[in-house]
Amino acid sequence: MNALATSIGIDFGTSNSAVSCAIGDGPARLLPIEGDATTLPTALFFNAEDRTTHFGRDAMAHYLAGTDGRLMRSLKSLLGSALMQETTAVYDGLLSFQDIIARFLHELGSRAEAELGHRPERVVIGRPVHFVDDDDKRDRKAEDSLRHAARSAGFRDVAFQLEPIAAAFDYEQRVTRESIVLVVDIGGGTSDFTIVRVGPDRIARTDRSDDVLATSGVHIGGTDFDQRLNLERVMPELGFRHLGPDGREVPSKVFFDLSSWHLIHWLQTPKALSQAQSLRMNYSNRHLHERLMTVLDERYGHRIASEVEQAKIRASISGEATDIDLSFVEAALHATLSQADMEQQLAAPLETVIACAHACVKRAGLRSNELDAIYLTGGSSALRPFQHALRRSFAGVQMIEGDLFGGVAAGLAYAARARQRAPLST
Numbered sequence: 001m002n003a004l005a006t007s008i009g010i011d012f013g014t015s016n017s018a019v020s021c022a023i024g025d026g027p028a029r030l031l032p033i034e035g036d037a038t039t040l041p042t043a044l045f046f047n048a049e050d051r052t053t054h055f056g057r058d059a060m061a062h063y064l065a066g067t068d069g070r071l072m073r074s075l076k077s078l079l080g081s082a083l084m085q086e087t088t089a090v091y092d093g094l095l096s097f098q099d100i101i102a103r104f105l106h107e108l109g110s111r112a113e114a115e116l117g118h119r120p121e122r123v124v125i126g127r128p129v130h131f132v133d134d135d136d137k138r139d140r141k142a143e144d145s146l147r148h149a150a151r152s153a154g155f156r157d158v159a160f161q162l163e164p165i166a167a168a169f170d171y172e173q174r175v176t177r178e179s180i181v182l183v184v185d186i187g188g189g190t191s192d193f194t195i196v197r198v199g200p201d202r203i204a205r206t207d208r209s210d211d212v213l214a215t216s217g218v219h220i221g222g223t224d225f226d227q228r229l230n231l232e233r234v235m236p237e238l239g240f241r242h243l244g245p246d247g248r249e250v251p252s253k254v255f256f257d258l259s260s261w262h263l264i265h266w267l268q269t270p271k272a273l274s275q276a277q278s279l280r281m282n283y284s285n286r287h288l289h290e291r292l293m294t295v296l297d298e299r300y301g302h303r304i305a306s307e308v309e310q311a312k313i314r315a316s317i318s319g320e321a322t323d324i325d326l327s328f329v330e331a332a333l334h335a336t337l338s339q340a341d342m343e344q345q346l347a348a349p350l351e352t353v354i355a356c357a358h359a360c361v362k363r364a365g366l367r368s369n370e371l372d373a374i375y376l377t378g379g380s381s382a383l384r385p386f387q388h389a390l391r392r393s394f395a396g397v398q399m400i401e402g403d404l405f406g407g408v409a410a411g412l413a414y415a416a417r418a419r420q421r422a423p424l425s426t
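For the sequence shown, our numbering assigns the number 1 to the initial residue and increments by one for each residue that follows.
Quick look at the structure:
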């Protein structure tokens with residue numbers, strides 16, 4: 001493959017990741033990185049039986065098959081937190097979460113190498129507008145941690161591009177006239193917005209800073225929606241909001257952790273299991289506590305989260321109520337999720353997300369009716385309650401749905417191509 005492909009784009013997502021390249025003057029190409037799939041779930045499974053590490057769908061398959069080991073998901077959510085430098089037990093040793101992220105990025109590089117024929121040296125990685133809301137110091141720390149992880153993974157030259165700006169570069173490839181567009185990128189962990197001027201005469205420009213009119217973002221995304229739905233629809237079956245003999249609710253921390261993708265693995269520690277067992281006296285209905293302990297002892301947390309996520313997708317696509325299958329916890333146990341449930345239970349976070357979109361428009365000095373289009377990318381932008389809320393709030397503005405899972409990655413390939421002509425940094 002042409003040496004110009006030594007520079008790639010990586011969309012390191014909370015839920016899914018993708019790798020892309022743009023060679024010569026050709027279009028961006030998403031690389032197949034798991035069979036024919038151009039996305040890889042951002043998941044690792046450390047197999048305790050044979051001490052191998054599995055990635056993506058393979059990681060999830062081993063976990064769901066009951067293989068002894070540890071599943072790690074939503075690692076991006078840890079960036080900027082104190083947990084990044086902490087260690088977690090893997091096999092007989094300890095690994096920092098930064099090292100675990102580096103392993104995942106190294107695997108992406110290896111899979112790109114298998115497709116391209118050589119190891120990419122340069123990378124442009126997408127990042128949200130804010131890793132951490134309202135804390136510039138922690139936000140810089142998050143980017144520094146990701147940069148360090150990428151260099152540890154073997155990338156010599158590491159640069160970043162805001163994910164919604166990358167999506168705008170992808171959208172620009174198909175426009176026929178100059179337009180002002182609100183790019184809406186709703187990912188697994190963040191909701192990001194950019195007002196950008198795009199047009200066929202602007203594509204070749206190296207410096208596009210004048211075309212970016214405003215950005216905004218908030219640390220709310222698909223995994224937050226999943227957590228809300230998990231808490232409201234499933235966790236009551238395990239004792240969430242259950243009143244104990246003294247009339248008080250069962251302490252809720254275990255339920256919040258159990259419904260948060262990136263915290264579930266902490267509940268596998270002896271200390272966490274002991275604390276959960278001690279909650280027994282807080283339950284009036286001891287059967288609910290038995291269910292909770294079954295979930296923790298059998299490590300069903302990620303499986304429940306996956307069932308909730310899939311139910312969310314089904315209900316959003318069909319507009320009809322769907323079952324959340326919990327029969328693996330207890331025979332015939334299930335919960336339901338309807339469109340009305342999602343509208344009600346996601347109203348508060350969606351209101352925050354929509355307000356962030358309006359803040360971006362205001363920051364650009366525009367009114368919503370001055371937008372030529374709204375361009376949607378990111379898997380969670382397909383959520384029906386979100387699209388309903390967006391249409392109500394931006395009535396009359398054309399909404400265009402892009403490549404929900406590949407738009408950011410494609411834009412990063414164009415950014416990587418622009419950088420690859422510069423001297424390699426040391």
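Positions of the beta carbon are idealized from the N, C-alpha and C atoms, including for glycine. Remember, it's a predicted structure, so these values are computed and weren't measured experimentally.
Residues that DSSP places opposite residue i in a beta bridge
i, result
"Gly69", "Asn47"
"Val212", "Val196"
"Val124", "Gly9 and Ala159"
"Glu249", "Leu243"
"Cys21", "Arg29"
"Gly217", "Asp192"
"Asp325", "His334"
"Glu401", "Leu376"
"Val254", "Partner(s): none; Val254 has no beta bridge."
Candidates the options: closest to residue i by CA position
i, options, result
"Glu351", "Ile317, Glu232, Asp192 and Ser393", "Ser393"
"Ile186", "His287, Met235 and Val218", "Val218"
"Leu292", "Val181, Gln268 and Arg202", "Gln268"
"His262", "Gly188, Gln387 and Ala331", "Gly188"
"Ile354", "Ile324, Glu330 and Arg391", "Arg391"
"Ala59", "Pro41, Arg51 and Glu49", "Pro41"
"Arg208", "Phe169, Asp133 and Arg228", "Phe169"
"Glu143", "Leu162, Gly154 and Arg156", "Leu162"
"Glu237", "Ser191, Leu404, Phe255 and Ile220", "Phe255"
"Ile313", "His289, Leu94, Phe240 and Asp226", "Asp226"
"Ser15", "Ser260, Lys271, Gly154 and Asp25", "Ser260"
"Ala315", "Arg367, Ser216 and Leu337", "Leu337"
"Ile165", "Arg177, Ile195 and Asp139", "Ile195"
"Ser81", "Ala331, Asp136 and Glu290", "Asp136"
DSSP three-state assignment for residue i, whether helix, strand or coil
i, result
"Gly187", "coil"
"His262", "helix"
"Gly407", "helix"
"Gly446", "In the structure displayed, the chain extends from 1 to 426; residue 446 sits before or after that span and is not available."
"Phe55", "strand"
"Ile354", "helix"
"Ser316", "helix"
"Asn472", "The requested residue 472 does not occur in the structure, where the chain is confined to residues 1 to 426."
"Thr269", "coil"
"Ser15", "coil"
"Thr88", "strand"
"Ala395", "coil"
"Ser179", "strand"
"Ala142", "helix"
"Leu40", "strand"
"Glu34", "strand"
"Leu371", "coil"
"Gly109", "helix"
Euclidean distance between Cα positions of residue i and residue j
i, j, result
"Gln85", "Lys141", "11 angstroms"
"Gly301", "Gly319", "26 angstroms"
"Ser7", "Val295", "44 angstroms"
"Ala357", "Gly199", "22 angstroms"
"Val308", "Leu229", "7 angstroms"
"Arg147", "Ala89", "24 angstroms"
"Arg205", "Gly379", "29 angstroms"
"Val234", "Ala335", "6 angstroms"
"Ala416", "Arg156", "14 angstroms"
"Lys362", "Val129", "16 angstroms"
"Pro120", "Ala410", "16 angstroms"
"Phe240", "Ile220", "22 angstroms"
"Asp210", "Leu326", "52 angstroms"
"Val181", "Arg197", "6 angstroms"
"Glu115", "Gly154", "17 angstroms"
"Ala311", "Asp201", "44 angstroms"
"Glu249", "Leu258", "17 angstroms"
"Phe46", "Ile33", "19 angstroms"
"Thr53", "Ala43", "10 angstroms"
"Glu370", "Cys360", "13 angstroms"
"Asp11", "Ala413", "10 angstroms"
"Asp192", "His265", "28 angstroms"
Residue-level contact to chain C via CB, residue i, 7 angstroms cutoff
i, result
"Ala61", "Within the model displayed, chain C is absent; a lone protein chain is all it includes."
Any 3 or more C-beta pairs closer than 8 angstroms across the region 278 to 297 and the region 235 to 251: yes
The region 337 to 354 in contact with the region 380 to 393 per 3-pair CB rule at 8 angstroms: yes
Three-pair Cβ contact test at 8 angstroms for the region 77 to 84 versus the region 54 to 67: no
Any 3 or more C-beta pairs closer than 8 angstroms across the region 105 to 115 and the region 166 to 185: no
Segment contact, 8 angstroms Cβ cut-off, at least three pairs: the region 364 to 383 with the region 400 to 407: yes
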